[in-house]
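Chains as they are written, first to last, in this note's numbering: chain A, -10 to 101; chain B, 340 to 452.
Everything on this sheet refers to the single structure shown next.
This is the structure in structure tokens:
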């Protein structure tokens, strides 16, 4: 079942903060975050696993609330390069990428 | 440099024709995946393969076929049975572990005329 991302779109000024949310109706094993710039391939940002393990880029932070079946991605002091579409992918069984279901994406526009 | 190469980048096809999209990786990854991306829909899994000569259907496999004869190659054929094939197709690979970090190719945009 496809996770729900919110907001669908957000416009920020450079330097402002953003939070992107991802929620699922089923228990989660892990949540994966990717960013895609227009016409390009998605790029890995972070993986958060049940039990607290995380793997990702140092400049990106995220949270994973297992009880609420939610994850949030925090973009602080945004830069122009942060613009793009952010996708969360949810895994319910521990199958890694095999079982990933992606949300519809959150469009982030950073203005100077 | 290691990575995933997809070709062609753009492809036009007449209705009723099959077309094959190429995906090659030199990352020595075990697992490979094909996703379809439509505007506003996110990424949807078509097929994936964990090892050579074995593959599984994803969420939207109807009208598509794949093969995995070599570890580094995972071509996707869009058959004439696919009712709405115009889309952006992304190939990805991963080490196949439980963390499942995906490495994507640049994509192939297929337009059916």
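Beta carbons are placed, not taken as given, at the ideal position from N, Cα and C, and that holds for glycine.
Sequence-distant residues of its chain with Cβ nearer than 7 Å to residue i (five each side left out)
i, result
"residue 422 of chain B", "402"
"residue 396 of chain B", "386"
"residue 409 of chain B", "391"
"residue 105 of chain A", "Residue 105 of chain A falls outside the range modelled here, since chain A spans only -10 to 101, and no answer is possible."
"residue 7 of chain A", "-1, 1, 64, 67 and 97"
"residue 394 of chain B", "386, 387, 388, 405 and 407"
Chain-order list of residues whose beta-carbon lies under 6 Å from that of residue i (same chain, five-residue window excluded)
i, result
"residue 49 of chain A", "34 and 35"
"residue 90 of chain A", "-9 and 79"
"residue 44 of chain A", "36"
Contact belief for residue i with residue j at Cβ below 8 Å, rounded distance in angstroms
i, j, result
"residue 441 of chain B", "residue 428 of chain B", "With a Cβ gap of about 14 Å, residue 441 of chain B and residue 428 of chain B do not count as contacting."
"residue 85 of chain A", "residue 25 of chain A", "Their Cβ separation, rounded to whole angstroms, is 20 Å, which puts residue 85 of chain A and residue 25 of chain A out of contact at 8 Å."
"residue 32 of chain A", "residue 97 of chain A", "The pair is not a contact, with the Cβ atoms about 14 Å apart (cut-off 8 Å)."
"residue 76 of chain A", "residue 92 of chain A", "6 Å"
"residue 351 of chain B", "residue 388 of chain B", "Actually they are not in contact, since the Cβ atoms of residue 351 of chain B and residue 388 of chain B sit about 27 Å apart, beyond 8 Å."
For residue i, the residue or residues it bridges with in DSSP
i, result
"residue 422 of chain B", "According to DSSP, which records beta bridges pairwise, residue 422 of chain B is partnered with nothing at all."
"residue -2 of chain A", "A:96"
"residue 436 of chain B", "DSSP lists no partner for residue 436 of chain B."
"residue 69 of chain A", "According to DSSP, residue 69 of chain A bridges with nothing at all."
"residue 390 of chain B", "B:393"
"residue 10 of chain A", "A:-5 and A:61"
8 Å Cβ shell around residue i - same chain, five flanking residues per side excluded
i, result
"residue 348 of chain B", "445, 446, 447 and 448"
"residue 415 of chain B", "359, 360, 362, 373, 385, 386, 403, 404, 405, 428 and 430"
query = Can at least three beta-carbon pairs, one atom from the region 62 to 69 of chain A and one from the region 341 to 352 of chain B, be found at a separation below 8 Å?
reply = no
inquiry  = Would the region 16 to 28 of chain A count as touching the region 79 to 87 of chain A if we require 3 or more Cβ pairs under 8 Å?
reply    = yes
inquiry  = If contact is defined by three or more beta carbon pairs under 8 Å, each pair taking one atom from either stretch, is the region 362 to 382 of chain B in contact with the region 429 to 437 of chain B?
reply    = yes
task = Identify every run of the beta strand (DSSP E) within the region 342 to 396 of chain B, keeping only runs that are complete inside it and at least 3 residues long; order them along the chain.
result = 343 to 346, 349 to 352, 358 to 364, 370 to 376, 382 to 390 and 393 to 396
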